[in-house]
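J.: Going by this note's numbering, the sequence shown opens with residue 8, and the numbers climb by one from there.
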Amino acid sequence: MDNIEKILHQILENQVKMQSKIEEIEANQVKMHSRTEKIEAKIEKLEVNQNVMQSKLEELKTSQERIEKKVDVISNQVADLTEFKVTTTEKLDKLTDKVNKISKTITFIKHKELQNEEDIFYLKENLS
8 MDNIEKILHQ ILENQVKMQS KIEEIEANQV KMHSRTEKIE AKIEKLEVNQ
58 NVMQSKLEEL KTSQERIEKK VDVISNQVAD LTEFKVTTTE KLDKLTDKVN
108 KISKTITFIK HKELQNEEDI FYLKENLS
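1. Ser110 lies in the alpha helix (DSSP H); which residues open and close that run?
2. Determine, using beta carbons only, whether Ile29 comes closer than 9 angstroms to chain D.
3. Rounded to a whole number of angstroms, what is the C-alpha to C-alpha distance between Val37 and Ser70?
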């Protein structure tokens, strides 16, 4: 019977060791569960942050599109102004040429008038 008692005692010791290991496993399982919950909470925060970033990215895209439209409008206005400047410069050059011709003509007419007045003066002098 002594042998049976030893076996029973050994079984009991093994059972105590197994119970201790099961308790260890359960404690580890509780720790892992706690860590898993923390990880899930962090993942949820990351998802929220990702949604916020996605929203901000959409806002940036919208802003960029508005800016691009404004730049297009400004580019068209600059092109129109450049064309206007070229046209105006050409017209001013033509006007300047015309004014110069008119000025020369007026100078010539004044000269001719002076000559005519001189001629009239000499004619009057000779007639008297």
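Cβ coordinates follow ideal geometry from the N, Cα and C atoms, glycine included.
T.: Working from what's here:
1. Along the sequence shown, read from residue 1 onward, the residue named residue 110 stands at position 103. Ser110 -> alpha helix (DSSP H) spans 9-134.
2. Here there is only one protein chain, and chain D is not present.
3. Position 30 of the sequence shown, counted from the first residue, corresponds to residue 37. Position 63 of the sequence shown, counted from the first residue, corresponds to residue 70. Per the coordinates, the alpha-carbon of Val37 lies some 49 angstroms from the alpha-carbon of Ser70.
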